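K.L.:
Line by line, the protein sequences give chains A, B, C, D, E and F. Using our numbering, the letters of the first sequence correspond one by one to residues 11 to 330. Using our numbering, the letters of the second sequence correspond one by one to residues 11 to 330. Using our numbering, the letters of the third sequence correspond one by one to residues 11 to 330. Using our numbering, the letters of the fourth sequence correspond one by one to residues 11 to 330. Using our numbering, the letters of the fifth sequence correspond one by one to residues 11 to 330. Using our numbering, the letters of the sixth sequence correspond one by one to residues 11 to 330. Ideal Cβ placement from N, Cα and C applies to all residues, glycine included. This structure is a prediction, so every number in the text was calculated from the model and none was measured. Handing you this structure, nothing more for now.
There are 6 protein chains.
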Amino acid sequence: MGHKFIGEIGPGETIDDIYLVKEPVLRPTSRGDLYIAMFLADKTGQMNGRMWQASEQIYRELPKPGFIHIQGRSEVYQNNLQIVVNNISIVDAGKVKIEDFLARTDKDVDKLFAEVKRIVATIKNKQLKTLVDEFLADEGLMKKFCSCPGGMSMHHDYIGGLLEHTWNMLRAASAILPLYPDVQADLVLAGIFIHDMGKTEELIYDTAFSYTDSGQLIGHITKSVLMLHKKAEVLAGKGVQIDGAILDAIGHIILSHHGEYEFGSPKLPATAEAFMVCYIDDLDAKMNQVTRLIEGETGDSNWTGWQKPLETKLYRKRIE
Amino acid sequence: MGHKFIGEIGPGETIDDIYLVKEPVLRPTSRGDLYIAMFLADKTGQMNGRMWQASEQIYRELPKPGFIHIQGRSEVYQNNLQIVVNNISIVDAGKVKIEDFLARTDKDVDKLFAEVKRIVATIKNKQLKTLVDEFLADEGLMKKFCSCPGGMSMHHDYIGGLLEHTWNMLRAASAILPLYPDVQADLVLAGIFIHDMGKTEELIYDTAFSYTDSGQLIGHITKSVLMLHKKAEVLAGKGVQIDGAILDAIGHIILSHHGEYEFGSPKLPATAEAFMVCYIDDLDAKMNQVTRLIEGETGDSNWTGWQKPLETKLYRKRIE
Amino acid sequence: MGHKFIGEIGPGETIDDIYLVKEPVLRPTSRGDLYIAMFLADKTGQMNGRMWQASEQIYRELPKPGFIHIQGRSEVYQNNLQIVVNNISIVDAGKVKIEDFLARTDKDVDKLFAEVKRIVATIKNKQLKTLVDEFLADEGLMKKFCSCPGGMSMHHDYIGGLLEHTWNMLRAASAILPLYPDVQADLVLAGIFIHDMGKTEELIYDTAFSYTDSGQLIGHITKSVLMLHKKAEVLAGKGVQIDGAILDAIGHIILSHHGEYEFGSPKLPATAEAFMVCYIDDLDAKMNQVTRLIEGETGDSNWTGWQKPLETKLYRKRIE
Amino acid sequence: MGHKFIGEIGPGETIDDIYLVKEPVLRPTSRGDLYIAMFLADKTGQMNGRMWQASEQIYRELPKPGFIHIQGRSEVYQNNLQIVVNNISIVDAGKVKIEDFLARTDKDVDKLFAEVKRIVATIKNKQLKTLVDEFLADEGLMKKFCSCPGGMSMHHDYIGGLLEHTWNMLRAASAILPLYPDVQADLVLAGIFIHDMGKTEELIYDTAFSYTDSGQLIGHITKSVLMLHKKAEVLAGKGVQIDGAILDAIGHIILSHHGEYEFGSPKLPATAEAFMVCYIDDLDAKMNQVTRLIEGETGDSNWTGWQKPLETKLYRKRIE
Amino acid sequence: MGHKFIGEIGPGETIDDIYLVKEPVLRPTSRGDLYIAMFLADKTGQMNGRMWQASEQIYRELPKPGFIHIQGRSEVYQNNLQIVVNNISIVDAGKVKIEDFLARTDKDVDKLFAEVKRIVATIKNKQLKTLVDEFLADEGLMKKFCSCPGGMSMHHDYIGGLLEHTWNMLRAASAILPLYPDVQADLVLAGIFIHDMGKTEELIYDTAFSYTDSGQLIGHITKSVLMLHKKAEVLAGKGVQIDGAILDAIGHIILSHHGEYEFGSPKLPATAEAFMVCYIDDLDAKMNQVTRLIEGETGDSNWTGWQKPLETKLYRKRIE
Amino acid sequence: MGHKFIGEIGPGETIDDIYLVKEPVLRPTSRGDLYIAMFLADKTGQMNGRMWQASEQIYRELPKPGFIHIQGRSEVYQNNLQIVVNNISIVDAGKVKIEDFLARTDKDVDKLFAEVKRIVATIKNKQLKTLVDEFLADEGLMKKFCSCPGGMSMHHDYIGGLLEHTWNMLRAASAILPLYPDVQADLVLAGIFIHDMGKTEELIYDTAFSYTDSGQLIGHITKSVLMLHKKAEVLAGKGVQIDGAILDAIGHIILSHHGEYEFGSPKLPATAEAFMVCYIDDLDAKMNQVTRLIEGETGDSNWTGWQKPLETKLYRKRIE
């Protein structure tokens, strides 16, 4: 029997399932007893949980956050549903069907990755090909590359999002590169493949999405450049030298791909290839963000709510 | 025998040809005589001209600017070449081979326009198709559309530039629309076709490129929307009604296609289609601008000069 | 007997009156029954309403938003007043005394409109006079012009606000134009009269104030220019030609009257007349906004709360 | 016989007149002799001057800047007029007809000042009236107030400009205050009268317009507030107490009258009166600046040159 | 027996102590009775208070804000602690141990002030020394200087904060001035001593921290300059003249010490001394703000919450 | 005999010395002959040079830029000194006394470097000490560190400037760290030592100051982080592991030390240590820039010219 999703729970139901517990707090009731307030979550949302007959020991053992198996019952309190929890047992994260808890691309990851490999295989420059192959040969990294989200909240913020974003950018680049014959296609394709690789070290996405300490202090842009140079040094260790000019051209694409200082790029695009990667990145990110905001809006208004980062509402009504 | 281009004149040459005269001024010499200082120009550049034995009458008759046939000689003065003009006769603009004077797309305008028509013919929505066809049926407008520059200086600033820019945007849109199935392709294609149509009223490009008064006061964005509504009213006069929702969707794409208030858009993109047109417009403009700046740089430095609107120099060296 | 205003309801009162219902939602109680939560509003404010014994059918029939006649009782719940609704019947908007529901200028609309006509009658330029008269002759439009609010929230946000704002701007212009004899008074007066006319299409104000879809996509600035050109075409149809230079001069005033790109003007003021209209508009808007914020503040603090768009609190204490 | 204005000198004229000498430098000729290069100026412009047989002593005695009587001759050198100076004698500034050298309002200063006094005499609040009268009674200050320019370059940059600007603002305020009955007219009028008074200490305008050291370090805004408090202390010394609330209300108008931090106001307007003074100040400044730029443009183009502070060209063509 | 701090109250305790009452409101219960809702506060935080059997008279007599002695009991209501108040008596502010209510520097104020005096005593310039001594001799002002907070919220926002900030800036200046021998140390030290003196008039801190009306209208920067000039005039009254150049140099340091127009400085730093004071001010403020935010964060996360003015979270984990 | 400095050449002198030739161009004279125009430079400035009887071969052999020995004579042409060059011979850069051509710190580099080593030797954390020692042990890098300029133009733009700037920052940090005991001194000192190390790869300064291609594409901030990681990997190769947390803490200081995105920092300071390094860096840079601008200004005006990056003139007059 499948997981009972938070988004499907109605009032008065018996609950006996695994949820992600978040931000538990221990509080005294007005009678002096102790209870635990917490959020219970999965990928469909979260709900208030209350365990009334709690103890300091139960509270201390709770993962913060982490997975617990609860038994209890849903009820309406002050017009909101909450879960009254009677029993709690800790669940090992390894035994959880993680896809119930983390949003995930609806696309076939294997197919996407195969197509990514197919497109970067068209790179003709030997050094760039060698560099890209060195990334592809790093199985641990590629596993992360295929599962890492594309971001925390703005776009592709789901398991597999980094891959999906990179895949779609590569497809878009393949489609429009023939229109701009002066642009060096090899640099664009290799640059896209590596540009967000540092997100695999910037983000954690085992139980929920968050930043690593290192990710917050350093950021994925610098991390991607560091990974590029590390791969080049590994190759150098094998006697394969990558020219500094190649590393600088790809490094520049990575550093400038946010397009403005304000968005965390320490360099502005200074090559045609850097401009192209920057625009394709922004286009693909915005298309993902905008179409999902439009689809995700509930209700039948013609407009979504105000979207602060876009400084506008979005219009949802289609023609015809 | 062809035109002697400004860019090809060396010192000590006899000159007997037609040039565009610009900013002529009448001045006294130290001996009290009058002379005319002017610029003589064609599409390859401009040079100082001096007519030493001038009179108020000659000065008054000069077009400002316009075409003149001059006889004279090139000489070096203070390390710069200038033309000493002995004789001037006014030339009717109609008798001038205008392509010697105005930079022009190196592409085949007829082919480009045919391809534009082929792409917009894929629009399925009847009202949008009708609207686009009404524009296409306006021969006078289409003639301007095929010759108008795409801008004054930043990108596609040559005869046929508007067509080339629109054509390339339509090609790019056709290439990437399949990647974004939620985006309404008909709106994107019609929006691209019409988005800069107002430039035909904003710019003059008969002898040199400049803004019309109306263009400076109103701008091509508002003018494009006015043209859209005028076409709809003409259709209404024929009994063909275009829904307000269609006009608003296209109007919104036009108004928001500069992407930021700071760039003259009175509305920010609020539909997926408006975002896509905005990005394709910016990408195509920047690719044109950047590749031409890189190619146009003389000398063998790896870098172009400082590009103020891009806040950077551009790197010219290719890999390999 | 008059309407019982929301702002006058105390605890424990019997309610039997018409209110605007907004954002009704159907929810289950903890016992599994259904109830409707809603806002009940008039021009003095809004209050929570609860109908406990509700059904899907009642919910479906509710206007969202719209007018309903309710029977019920006010009570205090968690320190706030709410209305417990026992009975609901839908009310046709046409039968409602709309001024109970929408804030309205406290000035005499007929007098204001008469004074507007009197001031624009001083325009001497024939074409401008003809244009203005064409607007004045459009009875449907003038009716909207006299009732439309001046905005959604910042200033003159009440029925008749557009007229009051235009009227006061015309009065201010008449007062200061003599101080600036180089400024073309006809353009200033005609420009003020038309500058916000597009708000009649941008805003809905039948039951509450909101934007039309078209208003949000296109904006009142562009709409005002479109209306200007439409009137010119109607006149052309009657054989009366308005010069392009006149339309551009007024069009430029309209387009630039917000004064900065950031505020949605696609053109910056480039004529003395455009600057003057821009300043008078801003002055009159701010005076309305500031004096109403100062008056509207409850309590006896010397300062209003923080006014985000003004980046300051406002000081309320008067001298003497 | 009147002064020979720089703007009227043609080639080959004998010069025997007083000019303002600016930025003189002593340089060696190629033969090793010394010459002085300098600018010779009056209110109509400036011209290069050269004294070929110069000495260190002559150079040292030259005022930098200051007035000199020169004898010499105009000639054309490299297409520009210059004056070859044969003889120089220093002229005492007190003996110079200063109006030949400094641009000056074309209005009647006495009339303007009388009207200023007439308008501020309408102030009813006793303390404000006392304060204003204390300023008016300061003859030295009022003399400066009547001669000081309104600024260095942007608007009213001529002798009497501060008075003209203050006078016109007072007239504009008188004209529109009746439209805004909630605004405290006394504060507005007194605030306008004092708002730029510090310019009398910020600017020097004896021989040319420049900033005082103190003006550059402190600025006229702070200086106006210091003058306000100094007058209040002088009154206190006479036993007349001005309330702190009065000083704060006027002080706030002065501090905030530039309207934005970016323009040097350390406080943003927080009272209706401060907003009104700020708008009237900006309106009057812009009207002066714009109409003078339009009139001052030579040539018959419909547009002035690019106006950097306004981010636009200005359109000069009038309707009709 | 000491004060029972808000931060130490648990559920079910009997309360009989003095608290600061803030924002009391009188409301009807659902039964029609009246009750008073209020906040009860001291320097450790605030809690909701409810007096159920209230009357209009009790409400009217309450200070708003001010000190009251209450008798009552703490209880949990909707998961939050609140105090049910049975009895209220007004307490005179003079009889309150104010340090229980206002946060206060943990440093020894006398020692700090002694060290301040010791450092400014190193000033060698006679006029600057005289000026500083005139401030030091003003006992009333120095008492305020030693107790005034350094700000409302950002840094040094506690009693004695202004002194602590000034003291630490003087120490930092003393430490680094030897590294910059071209910088005039006397100006830096005197400038630091006076730069925020106006805060003593900008802030009230008798019962809670808030701005004075005058402080909000004028600001501490301008007030500091006014105080500087007032001291100079007092000295002038005693026959001791301070040069305008000295007042301008110090005045400029005060006016520019926020470093940017956006932060309320009407002048940008234009002397080495002004730059140095500006940097030391910002450094000391940020060190105070950042280290206190890091220490003050509860919980064991490696990061503080989002700090809006710093546009980042702060990292709390130390190395080792 | 010493070098004849450009700044010391007067008119009519015989020149027989080595200069840096910059931007040579070959041009035809009006008689059809060829001449070479060039700049001749050393650290005191540059002067126009003309070789009249030139040939394509001479031109081709010229270094662009590089050192040449010239024979010729100085003369005044159009009021400027220029050098007429009769003979040119190429000079090997290795044989040139480079300090005649590049501005250089006036401090003792060995002493400065010794003091740098002395200060970083106070670092107690073992890993940080190991890291810093690894940098110090890299003789090639340290040689560059001691000679590299601190920048291209803004501050410390001379040979040894990077060392002088780092040295002075370390001294300032040592002086103020005792005032902020919560700040981790080891991180501050190590962070300062490494923060600009990437400038050794960003800048070329063999004959003149310029950016490397790699420097322009990647920037010194990212390069410093890459060098940090490279040193850590070298240590790892020796079996000495540096914790990721240490690398992140130093990496964060480097990335954020420009303090704002706009200045090229991809991360804003998020630790007390990063804030301190950022402020000390800015303070030391500004003190160097401001005091040198004030000293470098010629003439006796109280003000320097307008300093665009500082948005002000600088006041040069000292008190007393």
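Would you say residue 91 of chain C faces chain D, with C-beta separation under 9 Å as the test?
P.N.:
Within the third sequence, residue 91 of chain C is the residue found at index 81, counting from 1. For residue 91 of chain C, the answer is no, since every Cβ of chain D falls outside 9 Å of its Cβ.
K.L.:
Quick check: what's the CA-CA separation for residue 152 of chain C versus residue 146 of chain C?
P.N.:
Within the third sequence, numbered from 1, the residue matching residue 152 of chain C stands at position 142. Within the third sequence, numbered from 1, the residue matching residue 146 of chain C stands at position 136. Approximately 6 Å, taken between the alpha carbons.
K.L.:
Would you say residue 31 of chain A and residue 50 of chain A are within 9 Å of each other, going by their C-beta atoms?
P.N.:
Sequence index remark: in the first sequence, residue 31 of chain A carries index 21 (1-based). Sequence index remark: in the first sequence, residue 50 of chain A carries index 40 (1-based). Against a cut-off of 9 Å, the Cβ pair of residue 50 of chain A and residue 31 of chain A comes out as a contact.
K.L.:
What residue ranges within the region 165 to 200 of chain A form continuous alpha helix (DSSP H) runs of no fewer than 4 residues, ordered along the chain?
P.N.:
171 to 186
K.L.:
If we ignore side chains and look at the alpha-carbon of each, how far apart do residue 291 of chain F and residue 325 of chain D end up?
P.N.:
Counting from 1 along the sixth sequence, the entry for residue 291 of chain F is found at position 281. Counting from 1 along the fourth sequence, the entry for residue 325 of chain D is found at position 315. One C-alpha to the other measures close to 48 Å.
K.L.:
Would you give the residue range spanned by the alpha helix (DSSP H) that residue 254 of chain F belongs to?
P.N.:
Locating residue 254 of chain F in the sixth sequence gives position 244, counting from the first residue. Segment 254 to 266, the alpha helix (DSSP H) holding residue 254 of chain F.
K.L.:
Look at the alpha carbon of residue 200 of chain E and the alpha carbon of residue 212 of chain A, and state the distance between them as a whole number of angstroms.
P.N.:
Your numbering for residue 200 of chain E matches position 190 in the fifth sequence. Your numbering for residue 212 of chain A matches position 202 in the first sequence. Distance between the alpha carbons of residue 200 of chain E and residue 212 of chain A: 48 Å.
K.L.:
Within the same chain, show all residues whose beta-carbon is closer than 8 Å to that of residue 231 of chain D, passing over the 5 residues directly before and after it, in chain order.
P.N.:
Reading the fourth sequence from its first residue, position 221 is the one you call residue 231 of chain D. Correct list, in chain order: 208, 264, 265, 267, 268, 274, 275 and 276.
K.L.:
Can you find at least 3 beta carbon pairs, one from the region 305 to 317 of chain E and one from the region 243 to 261 of chain D, that sit closer than 8 Å?
P.N.:
No, they do not touch.
K.L.:
Compute the distance between the beta-carbons of residue 197 of chain A and residue 283 of chain A, then report whether it is under 9 Å.
P.N.:
Numbered from its first residue, the first sequence carries residue 197 of chain A at position 187. Numbered from its first residue, the first sequence carries residue 283 of chain A at position 273. In contact: residue 197 of chain A and residue 283 of chain A (Cβ atoms closer than 9 Å).
K.L.:
To the nearest angstrom, how far is the alpha carbon of residue 180 of chain F from that of residue 202 of chain F?
P.N.:
Walking along the sixth sequence from the start, residue 180 of chain F turns up at place 170. Walking along the sixth sequence from the start, residue 202 of chain F turns up at place 192. Near 7 Å, if we compare the C-alpha coordinates of residue 202 of chain F and residue 180 of chain F.
K.L.:
Using a C-beta cutoff of 9 Å, does residue 35 of chain C count as contacting chain D?
P.N.:
In the third sequence, the residue the question calls residue 35 of chain C occupies position 25. So no, residue 35 of chain C is outside the interface.
K.L.:
Are residue 286 of chain A and residue 183 of chain A closer than 9 Å when you measure CB to CB?
P.N.:
Position 276 of the first sequence, counting from 1, holds the residue named residue 286 of chain A. Position 173 of the first sequence, counting from 1, holds the residue named residue 183 of chain A. Yes; because the gap between Cβ atoms is below 9 Å, this pair is in contact.
K.L.:
Could you have a look at residue 57 of chain B and say whether DSSP puts it in helix, strand or coil?
P.N.:
Counting from one through the second sequence, the residue named residue 57 of chain B turns up at place 47. Reduced to three states, the DSSP call for residue 57 of chain B is strand.
K.L.:
Go ahead and label residue 52 of chain D buried or exposed: buried means 16 or more other beta carbons lie within 10 angstroms of its beta carbon, across all protein chains shown.
P.N.:
As a first step, residue 52 of chain D must be located in the fourth sequence, where it is residue number 42. Under this definition residue 52 of chain D is a buried residue.
K.L.:
Near residue 33 of chain C, what residues of its chain come up, given a Cβ to Cβ distance below 8 Å and the 5 sequence neighbours on each side ignored?
P.N.:
Counting from 1 along the third sequence, the entry for residue 33 of chain C is found at position 23. 48, 49, 74 and 75.
K.L.:
Reducing DSSP to helix, strand and coil, say where residue 121 of chain B ends up.
P.N.:
On the second sequence, position 111 is the one that residue 121 of chain B refers to. It is helical.
K.L.:
Give, in chain order, every residue of the region 156 to 190 of chain B whose Cβ lies closer than 7 Å to some Cβ of chain A.
P.N.:
178, 181, 182, 185, 186, 189 and 190
K.L.:
If you check the beta carbons only, do residue 79 of chain D and residue 93 of chain D fall under 9 Å apart?
P.N.:
The residue labelled residue 79 of chain D in the question sits at position 69 within the fourth sequence. The residue labelled residue 93 of chain D in the question sits at position 83 within the fourth sequence. No. Outside cutoff.
K.L.:
Should residue 325 of chain D be flagged as near chain B, meaning a C-beta pair shorter than 9 Å?
P.N.:
Indexing the fourth sequence from 1 puts residue 325 of chain D at position 315. Residue 325 of chain D counts as touching chain B.
K.L.:
Pop quiz: residue 219 of chain A and residue 162 of chain A are said to be a contact at Cβ under 8 Å. What is the actual Cβ separation, rounded to whole angstroms?
P.N.:
On the first sequence, residue 219 of chain A is found 209 positions in, with the first residue counted as 1. On the first sequence, residue 162 of chain A is found 152 positions in, with the first residue counted as 1. With a Cβ gap of about 6 Å, residue 219 of chain A and residue 162 of chain A count as contacting.
K.L.:
Hey, does residue 232 of chain D have any beta-carbon neighbour from chain E nearer than 9 Å?
P.N.:
Stepping through the fourth sequence from its first residue, residue 232 of chain D is reached at position 222. So, interface residue.
K.L.:
Taking the DSSP output, what are the residues bridged to residue 36 of chain F?
P.N.:
Working through the sixth sequence from its first residue, we reach residue 36 of chain F at position 26. F:46.
K.L.:
Using C-beta distances below 8 Å, list every residue in its chain close to residue 71 of chain E, excluding the 5 sequence neighbours before and after it, in chain order.
P.N.:
Along the fifth sequence, read from residue 1 onward, the residue named residue 71 of chain E stands at position 61. So the list reads 100, once near-sequence residues are dropped.
K.L.:
Is residue 174 of chain B buried or exposed, if buried means 16 or more other CB atoms sit within 10 Å of its CB?
P.N.:
Against the second sequence, residue 174 of chain B aligns to sequence position 164. Answer is buried; the Cβ neighbour count reaches 16.
K.L.:
Under a Cβ-count criterion, where at least 16 other Cβ atoms within 10 Å of its own Cβ denotes burial, should residue 81 of chain E be classed as buried or exposed?
P.N.:
For the purposes of this step, residue 81 of chain E is identified with residue 71 of the fifth sequence, where counting begins at 1. Exposed, since its Cβ has fewer than 16 Cβ neighbours within 10 Å.
K.L.:
Strictly below 8 Å CB to CB, what residues from chain D border residue 312 of chain F?
P.N.:
Locating residue 312 of chain F in the sixth sequence gives position 302, where the first residue counts as 1. Within chain D, the residues near residue 312 of chain F are 223.
K.L.:
Can you pull the chain F residues whose beta carbon is under 7 Å from the beta carbon of residue 262 of chain A, in chain order?
P.N.:
By 1-based counting over the first sequence, the position of residue 262 of chain A is 252. Residues of chain F passing the Cβ test: 227 and 228.
K.L.:
Distance check for residue 57 of chain F and residue 55 of chain B, CA to CA, integer angstroms please.
P.N.:
The residue given as residue 55 of chain B occupies position 45 in the second sequence. The residue given as residue 57 of chain F occupies position 47 in the sixth sequence. Across the structure, residue 55 of chain B and residue 57 of chain F are spaced so that their CA atoms are roughly 30 Å apart.
K.L.:
Mapping the DSSP letters down to three states, classify residue 390 of chain A as helix, strand or coil.
P.N.:
Any question about residue 390 of chain A goes unanswered here, given that chain A covers just 11 to 330.
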